[in-house]
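K.L.:
What follows is a structure written as structure tokens; I'll ask about it next.
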Amino acid sequence: MKKQIIYSVLSLALGGMAMNFVQKTEPTLKEVFKKDFYVGAALNYKQSSGQDAKSTALIQQQFNTISPENLLKWGPVHPQPDKYNFKPADDYVAFGQQNKMFIIGHTLMWHQQTPKWVFEDENGQPASREVLLKRLQEHITTVVGRYKGKINGWDVLNEAIDDQQGDLRKTKWLEILGEDFAAKAFEYAHQADPKAELYYNDYSLYRPEKREGVIKLVKSLQAKGIKVTAIGMQGHYGLTKPSIDQVEASIVAFSKLGVHVNFTELDIDVLPNPSRRQGADIAENFAADAKYNVYPTALPDSVQQKLAKRYADLFALFHKHRDVIDRITLWGVTDADSWLNDWPIRGRTSYPLLFDRAYQPKPALQAVLQTAKNKM
């Protein structure tokens, strides 16, 4: 009996070793692209704090860079003039450090999710330029300074270019500070952590008008001696739009500025979209309509295959330009986490990522991994 027990224990141990070996030989995103660029995901608080164990395991297995979906935006981290809420951000940074990941901070300056008090004086009137600059500097110095040497790169400025003409977006930042608002944000961030990478981040940058607007903005910063490490192209794309050629044109154009390119918010919306824009303007919302929620229970195999091909085509493009692309970040871990379940219509069942609601890989994951094998 004793021998049988010992044999059983040995068998289980050897079986476990074999299982571990098999698991280790399974390719992962971070492994197959390790010589090309980082591959990561945006995390919500349940994930970065360890409350979602299945997501945690998936993140640790697949990714080597992380971004915070919301917890480092101004509203969540600095909700009141004299109050900072650092606990969620501290947990996020600790998670990244524990797993030896390239950690991103998102975002220091944005016209959305910035509390009204930032732009107002004690009487509710528009704040002066002097007051707003002081608040901006204090915010950036405090937040970036807290994570100096820990957060590797910051989205300093987010979505500052208008959708239509490529001009500076009409925001409170521009209205009160004037056209040097971007330069000030980058200056303060660099002062707070001189070694951190600093980025400009925006959506729909495949569109020629927005692309030219960003080029103009970055050139204006460079003329002031301000270094922009990379431009973040938010990859909120559809199954067919934009074309690969359109995306590639912007990669090439931005690289000519002497900056690198990151794809910072990658997801593929497979659902019909009532928005006229191929973008990510969170201010655009529409009423519920069944014709825009066409797969409420499951994604048909035919659409799964289209999604797989779309991801494969994009990653083949990223691999082609790996000399200037540093990072690919998916905007979420599984389909259940995606903001597209609620935008531009709340309550939709969306399928935009590489892992499904049961934390299982979709055909798109294998298609992405295959692109790396094809290029070896």
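Just so you know, the sequence shown maps onto residues -18 to -1, 1 to 358 in mature numbering (1 follows the signal peptide of the UniProt record, and there is no 0). Beta carbons are placed, not taken as given, at the ideal position from N, Cα and C, and that holds for glycine.
Roughly how many whole angstroms lie between the Cα atoms of His127 and Pro334?
P.N.:
At residue 127 the sequence reads Gly, which differs from the His that was named. Answer to the nearest angstrom: the Cα atoms are 35 Å apart.
K.L.:
Less than 8 Å between the CB atoms is what I'm expecting for Ala212 and His242, so what's the real figure, rounded?
P.N.:
With 8 Å as the limit, Ala212 and His242 qualify as a contact, their Cβ atoms being about 4 Å apart.
K.L.:
Quick check on the DSSP output: the alpha helix (DSSP H) that includes Thr124 runs from which residue to which?
P.N.:
Where Thr124 is concerned, the enclosing alpha helix (DSSP H) stretches over 111 to 128.
K.L.:
If Ser186 sits next to Asp249, beta carbons under 8 Å apart, how far is it from one beta carbon to the other, in whole angstroms?
P.N.:
With 8 Å as the limit, Ser186 and Asp249 do not qualify as a contact, their Cβ atoms being about 14 Å apart.
K.L.:
Beta-carbon within less than 6 Å of Lys198's beta-carbon, same chain only, minus the 5 sequence neighbours each way: which residues are those?
P.N.:
Closer than 6 Å at the Cβ level, and outside the excluded window around Lys198, lies no residue.
K.L.:
If we cut at 8 Å on Cβ distances, does Leu312 have a partner in chain B?
P.N.:
The question asks about chain B, but that chain is absent: this structure has only one protein chain.
K.L.:
Opposite Val21 in the DSSP bridges: which residues?
P.N.:
For Val21, which the question treats as bridged, DSSP gives the partners Ile310.
K.L.:
Counting only the same chain and skipping the five closest in sequence on each side, list residues whose C-beta sits under 7 Å from that of Val4.
P.N.:
Only weak support is given to the placement of Val4: the predicted model assigns it a pLDDT of 33, under 50, and the value that follows is read from those uncertain coordinates. Closer than 7 Å at the Cβ level, and outside the excluded window around Val4, lies no residue.
K.L.:
Check whether the Cβ atoms of Pro50 and Tyr74 lie closer than 8 Å to each other.
P.N.:
Against a cut-off of 8 Å, the Cβ pair of Tyr74 and Pro50 comes out as a contact.
K.L.:
Going by beta-carbon coordinates alone, are Gly131 and Glu179 separated by less than 8 Å?
P.N.:
Not closer than 8 Å, so no.
K.L.:
With respect to the beta strand (DSSP E) encompassing Val243, which residues constitute its N-terminal and C-terminal limits?
P.N.:
Note, Val243: beta strand (DSSP E), 242 to 251.
K.L.:
When you compare only the Cα positions, how much space is there between Glu120 and Gly22?
P.N.:
In a straight line, the C-alpha of Glu120 is about 30 Å away from that of Gly22.
K.L.:
Relative to the alpha-carbon of Ser284, which residue among Arg330, Leu115, Asp324, Ala346 has its alpha-carbon at the smallest distance?
P.N.:
Out of Arg330, Leu115, Asp324, Ala346, Ala346 has the C-alpha closest to the C-alpha of Ser284.
K.L.:
Under a Cβ-count criterion, where at least 16 other Cβ atoms within 10 Å of its own Cβ denotes burial, should Val234 be classed as buried or exposed?
P.N.:
That one is exposed.
K.L.:
Three or more C-beta pairs closer than 8 Å, one from the stretch 60 to 69 and one from the stretch 85 to 94: is that the case here?
P.N.:
Result no; under three Cβ-Cβ pairs closer than 8 Å.
K.L.:
Please list the segments of the alpha helix (DSSP H) lying wholly inside the stretch 142 to 195, counting only runs of 4 or more residues, in order along the chain.
P.N.:
With a minimum length of 4 residues, the continuous alpha helix (DSSP H) runs that stay inside the stretch 142 to 195 are 154 to 159, 163 to 174.
K.L.:
Quick check: the Cα distance between Met83 and Phe45, rounded to an integer number of angstroms?
P.N.:
The alpha-carbon atoms of Met83 and Phe45 are separated by roughly 8 Å.
K.L.:
If you measure between the beta carbons of Met152 and Phe101, is that distance less than 8 Å?
P.N.:
Looking at the sequence shown, residue 152 is not Met but Lys. No, these two residues do not count as a Cβ contact at 8 Å.
K.L.:
So, with DSSP's three-state summary, where would you put His88?
P.N.:
Three-state DSSP puts His88 in a strand.
K.L.:
Let me know the secondary structure DSSP gives Ala212 once reduced to three states.
P.N.:
Correct three-state label for Ala212: strand.
K.L.:
Determine whether the beta carbon atoms of Asp251 and Gly220 lie at a separation below 8 Å.
P.N.:
Yes, the Cβ-Cβ distance between Asp251 and Gly220 is below 8 Å.
K.L.:
By the DSSP assignment, the beta strand (DSSP E) with Gly220 in it spans what residues?
P.N.:
Gly220 -> beta strand (DSSP E) spans 218 to 220.
K.L.:
Indicate whether Leu336 and Pro343 have their beta-carbon atoms separated by less than 8 Å.
P.N.:
Yes, these two residues count as a Cβ contact at 8 Å.
K.L.:
CB-CB under 7 Å to Lys12, same chain, minus the five flanking residues each way: which ones, in chain order?
P.N.:
Val21, Gln44, Phe45, Asn46, listed in sequence order.
K.L.:
Might you give, ordered along the chain, the residues of its own chain that have their beta carbon closer than 6 Å to the beta carbon of Gly148, omitting 5 neighbours on each side?
P.N.:
Excluding positions up to five away in sequence, the list reads Glu191, Lys192, Glu194, Gly195.
K.L.:
Which word fits Ala39, buried or exposed, when buried means at least 16 other C-beta atoms lie within 10 angstroms of its C-beta?
P.N.:
Result: exposed.
K.L.:
Which same chain residues end up closer than 7 Å to Asn356 when comparing Cβ atoms and leaving out the 5 residues on each side of it in sequence?
P.N.:
Cβ neighbours of Asn356 beyond the five flanking positions: none.
K.L.:
Along the beta strand (DSSP E) that carries Gly135, what are the first and last residues, could you check?
P.N.:
That run of the beta strand (DSSP E) goes 135 to 140.
K.L.:
If the criterion is Cβ atoms closer than 8 Å, does the pair residue 375 and Thr331 meet it?
P.N.:
Residue numbering for the chain in the displayed model covers -18 to 358; residue 375 lies beyond these limits and cannot be assessed.
K.L.:
Out of Leu159, Leu312, Val306, Lys291, which has the shortest C-alpha to C-alpha gap to Glu247?
P.N.:
Here the closest residue by C-alpha is Leu312.
K.L.:
Roughly how many angstroms separate the alpha carbons of Arg339 and Val350, rounded to a whole number?
P.N.:
In a straight line, the C-alpha of Arg339 is about 19 Å away from that of Val350.
K.L.:
Quick check on DSSP: helix, strand or coil for Gln286?
P.N.:
Of the three classes helix, strand and coil, the one that applies to Gln286 here is helix, per DSSP.
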